[in-house]
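Positions in the sequence shown are counted from 1; adding 9 to them yields the working numbering.
Every residue gets a Cβ at the ideal spot worked out from N, C-alpha and C, and that includes glycine.
Step one of this worksheet: look at the structure below.
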Amino acid sequence: MSTEVQSNSSTDEVSLAAAFTAEHHDIDAGIEQYLADTAAPDPRQRAVPLQNAMAALRRHIYLEEEIVFPHLPKGALMMPLMVMRKEHGEIWQRMDALEEILQDPAGDSTGVEQACAEILVLLDKHNMKEEPVIYPHMDADLTDQEQEKVLKLLAGGEMPKGWVCEALR
Ligand SMILES: [Fe+2]
Ligand SMILES: [Fe+2]
C-alpha cells in the first residue's frame, strides 16, 4: 500500500518533502492495518504489516537524523530540530517496548494494540510539526545532488545494524 508521491512543480523530480510525507502515511497505514485486523487467525501473520511499519519507521528516523537534518540551516531550525530528536527518542522507546511484547510468546494482543495506539498518537503530534516546519527546508536548502542522494536512500537504503536515535545514546 503506497501513497502517491506528488511531483515538485518546478522540476519533474519528486519532492523530498512529498516523499517523506508519503512515508509517514505508509507507516501509519501499516500500524492501522494491524489494529483493524482483529479477526486474523494467526497472530504472527497479523503482526507482519506492523513489523514492516516499525522497520520503516526506524529507518525513516535514521535518514532524518543522519542524512537530512545535518544539511538544514542550523540557526532558525535549532530548536525545532532539538524537539524532533527528543520526540524520535520517545517514539523509539515505544517501538522497543512494542517489539518486546510482540516477541513474548505469552504476550497478548491487547498490550500490542495499546502500544500501537500510543505510537500513533506520538506520530501524529510529531508529524504535524515536522511536515510544515522541517520538511519545506528539505526541498529549499538541500542541493540537487543532496536531494538525489536522499531520494535514492529513501528508495532502497538500509539503516546500519544496531543504529539508535540520538536521544537514546
Ligand atoms: Fe521525524
Ligand atoms: Fe518524519
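- By the Cβ neighbour-count rule, L59 is buried, with 16 or more other Cβ atoms within 10 Å of its own.
- The alpha-carbon separation between G84 and A26 amounts to approximately 20 Å.
- Membership of P89 in the alpha helix (DSSP H) is indicated by the continuous run K83 to Q112.
- The C-alpha of D37 is placed about 23 Å away from the C-alpha of D148.
- By the Cβ criterion, the region 103-123 is in contact with the region 62-77, since at least three pairs of Cβ atoms, one from each stretch, lie closer than 8 Å.
- Nearest to E74 by alpha-carbon distance, out of A28, M93, E32 and V57, is M93.
- By the criterion of a C-beta distance shorter than 7 Å, G116 is surrounded in its chain by I110, once the five residues flanking it on both sides are discounted.
- For L107 against I128, the beta-carbon gap comes to about 7 Å, under 8 Å, which counts as contact.
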